[in-house]
Amino acid sequence: MIAEAVRAKSPRQIDDGVIRNLGLVGVLIILVIIGIVTRPELYSDPTWVRNNVLTILQQASAIGVVTVGMTFVIIGGGIDLSVGAIIALSGVWATTLATQSYGAAGMIFTALVVGLAVGVVNGVLISYGKLVPFIATLAMLVSARGLAAQISGKQTQVSANATINDIASTKLIGIPLLVWILAAVVAAGWVLLNRTTFGRRTVAVGGNPEAARLAGINVKRHTLMLYALSGICCGIAAIMLTSQATSAQAAMANLYELDAIAAAIIGGTLLSGGRGTIVGALFGVLVFSTITNLFAINNLSTEVQNMVKGGIIVAAVLIQQFRYRSLTQLLKR
Amino acid sequence: MSDPSASAGTATGGDPVLRLTDVVKTFPGVRALDGVQLEVRAGEVHCLLGQNGAGKSTLIKVLAGVHHADSGEISWLGEPFAPVTPQAAMRAGIATIYQELDLVDDLSVAENAFLGHEQSRFGFTRRRSSAASTRQILARLGHPEIPPRRLVKNLPAAGKQIVSMARALSHDARLIVMDEPSAVLAHDEVANLFRIIRELTAQGIAVIYISHRLAEIREIGDRVTVLKDGRTTAANLPARSTPTRELVGRMTGRSMEYVFPPRRPAPEAEPVLVVEGLTRHGEFADATLAVAPGEIVGIAGLVGSGRSELLETIFGARRADSGTVTMDGRRITGVGAAVARGIGMAPEERKSQALLLDEPVYKNMTLASFSGFAHGGFTDTRDERAAALRTADQLELRPRDVDRPARTLSGGNQQKVVVGRWLLGGTKLLLLDEPTRGVDVGARAELYQVIRGLADDGVAVLLVSSEVPEVLGLADRVLVMREGRLVHEAPAEELDEDTVLDLVMAGSLLEGEPA
């Protein structure tokens with residue numbers, strides 16, 4: 001009986017994730033076509049196209065790094081609303097005059113440690129304080145930005161460190177360093193999720209916490225580590241953004257939590273946990289930065305941009321669900 | 001009550017590996033274990049019998065390191081044993097297969113089998129070797145066709161059970177605790193399970209086997225320990241020779257056979273429910289049936305034969321590809337219409353599909369009818385409670401307390417709450433999917449009484465069960481379902497268990513007869 005059932009299911013070998021990612025690639029292609037139709041004169045210049053692709057990737061880099069961390073947290077059954085605030089706090093802390101006196105290494109170290117520390121606080125509150133992730137990280141969102149404003153005195157802190165400032169303008173083999181960082185984080189995230197015990201336990205903790213506990217997994221410690229991981233990703237993103245702006249301020253990375261969550265969900269991560277892919281999350285981020293780019297090259301205002309972005313989030317998910325459902329139904333027949 | 005320490009059987013000669021003496025475990029307000037004695041020998045199948053709420057689940061969770069005993073002694077392989085975490089218990093060689101399948105849907109078969117003790121090097125999983133080990137274990141379990149890389153959510157229920165077993169075997173256990181492993185298995189799968197258990201015990205592995213099915217205990221068990229209200233009421237009875245009357249007596253405190261209420265000739269009446277040519281591709285095809293008021297119609301069939309899907313489609317929860325469902329001559333097109341026309345359903349998965357576990361019993365009971373208790377949009381909990389209490393009395397709910405969270409009730413009483421919900425709503429047709437799954441013997445007889453009583457009051461009942469004796473004993477008319485088709489129909493009195501089993505499995509006896 002099992003044998004029959006197993007065989008009957010075999011046409012469904014195509015992975016859910018693959019279908020989803022194909023849908024996102026489709027969306028990306030549509031966006032590019034819209035760009036070509038609306039600004040044909042720009043797209044006729046190959047140098048411009050190449051630079052524009054790099055611009056899109058560069059804009060996706062910091063939010064992409066945050067989304068990788070966010071994807072882990074969501075797969076593990078949680079949510080991190082404080083990522084934008086952690087970036088602001090890390091960025092501000094890394095650019096105080098005192099920190100800057102330790103040089104680039106000191107600044108990077110500070111950003112990473114601050115991100116990690118805030119993530120650990122989130123994790124402790126959630127796993128051991130038994131706070132709902134939504135509430136714990138919402139509280140952190142408010143207080144971390146508050147602390148950032150306090151430290152910076154609500155001033156923009158300019159980075160005087162040439163090494164930090166150069167990160168954003170450096171290119172390796174013609175590709176910006178920021179894009180390389182994104183690629184490295186995505187690759188590391190993929191390996192961590194798909195090839196390590198950590199990743200497997202993340203899926204278990206989010207998909208069926210009771211099963212994970214009964215299998216001997218320390219669910220609390222693992223949950224804590226997920227928020228710590230998200231915090232580190234925010235620290236990395238803080239350095240990237242600081243380098244791009246050659247400054248940091250308490251209001252930086254505003255609404256990054258929403259962009260990261262939206263990108264992860266569009267990429268096929270289940271908001272209730274237990275399922276998600278890093279590649280999908282990356283595509284989600286790319287869809288967003290391509291939309292932003294599309295508006296920029298058409299000189300449209302950010303207000304219109306935000307309205308359309310919200311609509312596109314809903315549309316993308318609806319289309320995907322429809323495609324996914326009809327495809328699996330087709331395969332079932 | 002006899003002295004539990006007086007050992008009656010010497011069925012298997014192995015040395016005792018596990019011994020529990022006066023184990024006590026209390027939860028706030030409940031004394032879940034109140035002096036448990038248990039002795040398990042190497043290479044034996046030790047059956048644990050007891051009603052729901054007798055303490056079996058707590059006991060196995062103490063052994064698995066999930067709960068910690070308050071007092072009493074546990075010795076494992078001659079040493080005092082008090083596992084602090086599930087991991088500690090597994091390392092000591094005790095593996096547990098839980099009744100609620102504890103698998104992660106989005107991980108593969110191999111990943112589930114080795115969850116928590118992954119084969120890895122420096123944190124990197126060794127996928128090839130764990131797939132190979134899993135394949136080996138699956139072959140040992142008689143299911144080499146299950147692909148180790150297949151996601152668990154794409155397996156049928158019986159396949160998931162095999163994965164749970166594979167996980168236990170992946171631990172190199174010396175004692176395997178199985179909590180109702182046969183509950184989700186079809187007939188031939190149970191035979192396979194027994195073959196596996198025999199292989200395990202032949203290697204000296206001890207098995208604690210929990211089941212409500214006495215026939216299984218007789219077939220596979222060596223010795224039986226009976227629990228009641230957290231105490232051991234009889235220890236080490238020989239599984240094959242102890243009379244049923246005695247076993248049931250130890251469990252319930254009274255001597256009772258498995259009894260079905262007498263049938264009353266149903267008055268000739270027009271059917272309320274008429275189903276014609278109902279089809280859902282890949283699940284069931286061309287189902288035609290009718291149920292009259294006061295009549296109990298039973299559908300016998302294996303897990304996966306399409307019976308649950310058929311019931312859910314009649315209820316409107318699944319959309320039919322073709323065919324019609326009519327209630328009192330009106331088409332049923334969705335759950336809303338079904339409920340409005342007086343159809344109620346008690347689904348197979350009580351906990352996930354029917355109950356708000358943390359809400360009190362009365363709110364669960366009034367869930368389908370609470371607007372009737374409201375005045376101007378405000379609910380009247382006093383009326384609700386009173387109505388729920390009347391229904392609770394009618395169904396002999398125990399404890400008679402409608403303010404308790406539904407979670408705290410035993411399986412049988414939870415089922416009564418679900419049935420009570422539809423009674424309050426004035427239901428004319430009740431659809432019951434495996435109404436006694438996970439319900440113990442004593443409570444079963446009561447449920448049978450309740451169901452028959454409803455029919456006598458004019459309610460039409462359509463029930464599905466994988467236990468053939470239940471369908472034969474309870475129903476007036478029996479439909480047999482096999483591979484998505486209704487293959488036979490007859491009054492229950494004209495059928496016997498062997499015939500129905502044969503129809504359910506292969507249909508060689510009556511092949512060719514019109515269904």
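The listed protein sequences derive, respectively, from chains U and W.
Sequential numbering from 1 applies to the first sequence in UniProt numbering.
Sequential numbering from 1 applies to the second sequence in UniProt numbering.
Even glycine gets a Cβ: it sits at the ideal position worked out from N, Cα and C.
Give the DSSP-derived three-state secondary structure of residue i in the structure shown.
i: Ser120 of chain W; result: strand
i: Ala183 of chain U; result: helix
i: Ala374 of chain W; result: strand
i: Phe134 of chain U; result: helix
i: Ile291 of chain U; result: helix
i: Tyr209 of chain W; result: strand
i: Asp179 of chain W; result: strand
i: Asp166 of chain U; result: helix
i: Ser152 of chain U; result: helix
i: Phe194 of chain W; result: helix
i: His46 of chain W; result: strand
i: Arg330 of chain W; result: strand
i: Ile299 of chain W; result: strand
i: His488 of chain W; result: strand
i: Gly507 of chain W; result: At Gly507 of chain W the pLDDT is 42, less than 50, meaning the model places this residue with poor confidence; the figure from the coordinates comes in the next sentence. In this structure, Gly507 of chain W counts as coil in the three-state DSSP scheme.
i: Val73 of chain W; result: Note that residue 73 of chain W corresponds to Glu in the displayed sequence, not to Val. In the structure shown, Glu73 of chain W sits in a strand (DSSP, three-state: E or B).
i: Phe27 of chain W; result: strand
i: Gly280 of chain U; result: helix
i: residue 346 of chain U; result: Residue coverage of chain U in this structure runs from 1 to 333, which leaves residue 346 of chain U outside it and unanswerable.
i: Ile175 of chain U; result: strand
i: Asp383 of chain W; result: helix
i: Pro86 of chain W; result: helix
Would you mind giving the Cβ-Cβ distance between residue i and residue j, rounded to the nearest angstrom? I have them listed as a contact below 8 angstroms.
i: Asp102 of chain W; j: Asn208 of chain U; result: 7 angstroms
i: Ile63 of chain U; j: Val279 of chain U; result: Not quite, the Cβ-Cβ distance comes to about 16 angstroms (not below 8 angstroms), so this is no contact.
i: Gly14 of chain W; j: Ala42 of chain W; result: 4 angstroms
i: Thr125 of chain W; j: Arg195 of chain U; result: 6 angstroms
i: Ile126 of chain U; j: Thr223 of chain U; result: 6 angstroms
i: Ala337 of chain W; j: Arg280 of chain W; result: At roughly 18 angstroms, the Cβ-Cβ gap does not stay under 8 angstroms, so Ala337 of chain W and Arg280 of chain W are not in contact.
i: Gln249 of chain U; j: Gln157 of chain U; result: 7 angstroms
Let's test the definition: count the other Cβ atoms within 10 Å of the Cβ of residue i and tell me whether it reaches 16, buried, or not, exposed.
i: Val25 of chain U; result: exposed
i: Glu257 of chain W; result: A caution first: Glu257 of chain W carries a pLDDT of 47, below 50, which makes its placement in the model too unreliable to give a value.
i: Glu210 of chain U; result: exposed
i: Pro28 of chain W; result: exposed
i: Pro80 of chain W; result: exposed
i: Leu495 of chain W; result: buried
i: Ile36 of chain U; result: exposed
i: Leu294 of chain U; result: buried
i: Gly276 of chain U; result: buried
i: Pro181 of chain W; result: buried
In terms of alpha-carbon separation, which member of the options lies closest to residue i?
i: Gly153 of chain U; options: U:Thr95, U:Leu318 and U:Ala160; result: U:Thr95
i: Gln161 of chain W; options: W:Ala338, W:Leu175, W:Ser170 and W:Val184; result: W:Val184
i: Leu430 of chain W; options: W:Pro360, W:Gly298, W:Ala166 and W:Arg382; result: W:Gly298
i: Ile121 of chain U; options: U:Thr196, U:Ala60 and U:Ile232; result: Note that residue 121 of chain U corresponds to Val in the displayed sequence, not to Ile. Comparing Cα positions, the closest option is U:Ile232.
i: Ala406 of chain W; options: W:Val418, W:Pro399, W:Val361 and W:Thr379; result: W:Val361
i: Ala69 of chain W; options: W:Arg140, W:Pro147, W:Ala443 and W:Asp22; result: W:Asp22
i: Ala292 of chain W; options: W:Glu73, W:Asp476, W:Met481 and W:Arg19; result: W:Asp476
i: Ala148 of chain U; options: U:Ala315, U:Asn306, U:Ser169 and U:Gly91; result: U:Gly91
i: Leu486 of chain W; options: W:Ser308, W:Lys351 and W:Ala132; result: W:Ser308
i: Leu116 of chain U; options: U:Ser44, U:Ile126 and U:Leu229; result: U:Leu229
i: Leu424 of chain W; options: W:Val339, W:Gly473, W:Gly72 and W:Ile176; result: W:Val339
i: Val461 of chain W; options: W:Arg437, W:Val36, W:Glu497 and W:Val419; result: W:Val419
i: Glu276 of chain W; options: W:Arg331, W:Glu349, W:Arg382 and W:Glu359; result: W:Arg331
i: Gly103 of chain U; options: U:Ala160, U:Lys130, U:Ala245 and U:Ile33; result: U:Ala160
i: Gly268 of chain U; options: U:Phe283, U:Leu258 and U:Met240; result: U:Phe283
Is residue i near the ligand MN - that is, is its Cβ less than 7 angstroms away from at least one heavy atom of it?
i: Leu503 of chain W; result: Here there are no bound small molecules, and the ligand MN is not part of this structure.
task = Assess, as a yes-or-no matter, whether the stretch 98 to 111 of chain W is touched by the stretch 204 to 217 of chain U under the definition of 3 or more beta carbon pairs within less than 8 angstroms.
result = yes
key: Stretch pair the stretch 311 to 328 of chain W + the stretch 205 to 213 of chain W: three plus CB contacts closer than 8 angstroms   = no
task = Assess, as a yes-or-no matter, whether the stretch 162 to 173 of chain W is touched by the stretch 36 to 54 of chain W under the definition of 3 or more beta carbon pairs within less than 8 angstroms.
result = no
query = Counting Cβ pairs closer than 8 angstroms, one from the stretch 41 to 49 of chain U and one from the stretch 163 to 172 of chain U, do we hit at least three?
reply = no
request  = Count the CB pairs spanning the stretch 443 to 451 of chain W and the stretch 274 to 291 of chain W that are closer than 8 angstroms, and state whether there are at least three.
outcome  = no
message = For the pair the stretch 131 to 143 of chain W and the stretch 107 to 117 of chain W, tell me if three or more CB-CB distances fall below 8 angstroms.
response = yes
key: Cβ contact check for the stretch 260 to 278 of chain W and the stretch 453 to 470 of chain W: 3 or more pairs under 8 angstroms   = yes
query = Would you call the stretch 190 to 198 of chain W and the stretch 222 to 239 of chain W in contact, with 3 or more CB pairs under 8 angstroms?
reply = no
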